[in-house]
Amino acid sequence: MSNESRVKRVLSGIQPSGALHIGNYFGAIRQYLALQHGNKAFYFVADFHALTSVRDAESLRGYVFNVLADLLALGLDPETATLFVQSDVPETTELAWLLTSVTPMGWLEKCVSYKDKIAQGIPAEHGLFAYPVLQAADILLYDADLVPVGQDQKQHLEITRDIAERFNNTYESPVFRLPEPYILDAVAVVPGIDGRKMSKSYGNTIEIFDAPEVVRKKCKKIVTDSTPVEAPKNPDTCPVFQLFKLFAAEDERASVEQRYRHGGVGYGEMKTRLAELIIQAFAE
Ligand code: ADP
Ligand code: TRP
Numbered sequence: 003m004s005n006e007s008r009v010k011r012v013l014s015g016i017q018p019s020g021a022l023h024i025g026n027y028f029g030a031i032r033q034y035l036a037l038q039h040g041n042k043a044f045y046f047v048a049d050f051h052a053l054t055s056v057r058d059a060e061s062l063r064g065y066v067f068n069v070l071a072d073l074l075a076l077g078l079d080p081e082t083a084t085l086f087v088q089s090d091v092p093e094t095t096e097l098a099w100l101l102t103s104v105t106p107m108g109w110l111e112k113c114v115s116y117k118d119k120i121a122q123g124i125p126a127e128h129g130l131f132a133y134p135v136l137q138a139a140d141i142l143l144y145d146a147d148l149v150p151v152g153q154d155q156k157q158h159l160e161i162t163r164d165i166a167e168r169f170n171n172t173y174e175s176p177v178f179r180l181p182e183p184y185i186l187d188a189v190a191v192v193p194g195i196d197g198r199k200m201s202k203s204y205g206n207t208i209e210i211f212d213a214p215e216v217v218r219k220k221c222k223k224i225v226t227d228s229t230p231v232e233a234p235k236n237p238d239t240c241p242v243f244q245l246f247k248l249f250a251a252e253d254e255r256a257s258v259e260q261r262y263r264h265g266g267v268g269y270g271e272m273k274t275r276l277a278e279l280i281i282q283a284f285a286e
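Just so you know, we're using this note's numbering here: the sequence shown kicks off at 3 and counts up by one.
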C-alpha cells in the first residue's frame with residue numbers, strides 16, 4: 003500500500019502521576035478523541051514513565067485505574083481505539099535498550115524537561131535521564147505517524163525522530179517510521195492558576211473532575227494583576243481569559259475580549275463565569 007492511502011497510526015501516552023487536569027484535556031485528550039475516528043489509534047497509560055516520580059505501589063495502581071476510567075468517561079471508545087497500559091507490553095523496555103545503544107548522551111543532556119527537574123532539586127536518576135529513550139520506544143514500536151501532545155513534549159518528539167533516523171542509518175535499513183508531533187497552537191500551553199504552564203508537578207491544576215466547589219475555589223485563586231475594573235486589560239497575558247476562551251462559545255468570547263480591551267470587565271466577574279463554564283463542560 004502506498005504511504006498516502008495507508009490509514010494513519012496515531013499514538014499517545016499519559017503518565018499516571020495524579021489526576022487529569024484541564025491542560026491535559028485541551029493539550030492532548032481532546033485531540034485523542036478527535037483522532038480516534040478515521041485513524042488507527044493507540045492510547046496508553048505510561049506507568050513505566052511514572053516510576054520516575056511515583057514510588058508508592060498503591061498510589062500508582064490507583065492513578066493507572068483513574069486515568070483509564072477518566073479517558074473512558076471523556077469519550078475514548080475502546081471499540082474504536084486501542085487503550086492499554088504501557089507495562090503490559092514488555093517489548094517496550096526491550097526496544098528502549100536497543101535504542102539506547104544508538105543514542106548519544108549529548109541528546110539527552112540537552113533535554114529541557116530533564117534539566118528543569120534537576121533544577122527543581124529532583125535527584126538525577128538514570129530513569130529520568132533515559133526517559134526520552136523509553137518514550138521513543140513507545141512511539142516507534144507502534145509505527146506511529148502522528149503523536150498528539152502538548153508543546154512540552156515537542157523536544158521528546160524531536161529526539162524520537164533523531165533516534166529513529168540514527169537507528170535506520172546504523173543498520174542501513176528503514177526499520178522505523180519517523181513520527182510527526184500533532185500539536186495545536188491554540189492549546190499548546192494551557193496556563194495553571196499561578197499563570198505558569200498547568201502541570202501536576204507545579205500544584206497549579208484545575209482537575210477535570212474536581213467537585214464544583216473546588217473548581218470555584220481554584221478559579222478565585224487564579225493570579226491577576228491589580229488593574230481596576232474600568233481600565234483596559236490585555237486578554238493575551240491574562241490566565242483567566244486564556245482559560246475562559248477554551249470554554250466559551252465564540253460570541254461570548256468575542257464580546258468579553260472587547261470588554262477586556264476597552265475596560266469594564268472585572269477579574270471577579272470573570273472568575274465566577276469561568277468556574278461555571280468549567281463545571282458545565284465536564285458535568286456529564
Ligand atoms: P503533567 O505536566 O501535568 O504531568 P503530563 O506530562 O502527564 O502532564 O501530560 C500528558 C499530556 O498532556 C501531554 O501530551 C502533555 O503535553 C499534555 N499537557 C500537560 N500539561 C499541559 C498544558 N498545561 N497545556 C497543554 N498540554 C499539556
Ligand atoms: N512523556 C509524556 C508526558 O509526560 C508521556 C508519554 C510517554 C508519551 N510516552 C509517550 C506521550 C509516547 C506521547 C507518546 O506527557
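Using N, Cα and C, we set each Cβ at its ideal position, and we do this for glycine too.
Below 8 angstroms, enough C-beta pairs join the stretch 10-25 and the stretch 48-59 to call them touching: three or more. Look at Ile124 here: in three-state DSSP terms it is coil, with no helix or strand label. The beta carbon of Gly266 lies closer than 8 angstroms to those of Val231 and Glu232 in the same chain, with the five residues before and after it left out.
For Ile210, there is no enclosing alpha helix (DSSP H), as DSSP marks it with neither H nor E. Here Ala190 has Gly29, Gly152 and Gln153 as same chain residues with Cβ atoms under 8 angstroms from its own Cβ, once five neighbours each way along the sequence are excluded. With respect to the 8 angstroms criterion, Ala132 and Leu97 are not classified as neighbours on the basis of their beta carbons. Taking 3 residues as the shortest admissible run, the stretch 51-109 contains the following complete beta strand (DSSP E) segments, listed from N- to C-terminal end: 84-87. For Ser257, the CB stays at least 7 angstroms from every heavy atom of the ligand ADP. DSSP, read as helix, strand or coil, puts Val149 in strand.
Ranking Leu74, Pro241 and Tyr184 by CA distance to the CA of Lys222 puts Pro241 first.
Contact between Lys199 and Gly15 is absent: CB atoms are separated by about 18 angstroms, not below the 8 angstroms threshold. For Gly15, the enclosing beta strand (DSSP E) covers residues Arg11 to Ile16. If the five residues before and after Ile195 are omitted, its C-beta is found closer than 6 angstroms to the C-beta atoms of Asn206, Lys220, Lys223 and Ile224, all from its own chain and listed in chain order.
Residues of the same chain with a CB within less than 8 angstroms of the CB of Thr94, apart from the 5 flanking positions on each side, are Phe50, Gln88, Leu136, Ala139, Asp140 and Leu143 in chain order.
Exclusion of the five residues before and after His264 leaves Pro234 as the residues of its chain whose Cβ lies within less than 7 angstroms of its Cβ.
Fewer than three Cβ pairs drawn from the stretch 154-161 and the stretch 68-82 lie within less than 8 angstroms of each other, which leaves the two stretches out of contact.
Excluding its 5 nearest sequence neighbours in each direction, Glu127 has C-beta neighbours in its own chain below 8 angstroms: Thr54, listed in chain order. In this structure, the CA atom of Tyr65 is about 10 angstroms from the CA atom of Asp72. Across the set Ser175, Val12, Gln33 and Ile210, the C-alpha of Ile210 shows the shortest separation from the C-alpha of Ile281.
The ligand ADP has a heavy atom closer than 7 angstroms to the beta-carbon of Asp154. Counting C-beta pairs with one atom in each stretch, the stretch 245-256 and the stretch 270-278 have three or more that are closer than 8 angstroms, which means they touch.
Boundaries around Val242 are those of the alpha helix (DSSP H), Pro241 to Phe249, since no beta strand (DSSP E) includes it. Tyr173 and His39 have their C-alpha atoms spaced approximately 35 angstroms apart. Here DSSP, grouped into helix, strand and coil, assigns Tyr173 to coil.
In this structure, Tyr184 lies near Leu148, with their beta-carbon atoms less than 8 angstroms apart. Residue state for His23 is assigned as strand, using DSSP reduced to three classes. In the DSSP assignment, Ala277 falls within the unbroken alpha helix (DSSP H) covering Tyr269 to Ala285. For Phe44, the beta-bridge partners assigned by DSSP are Leu13 and Thr84.
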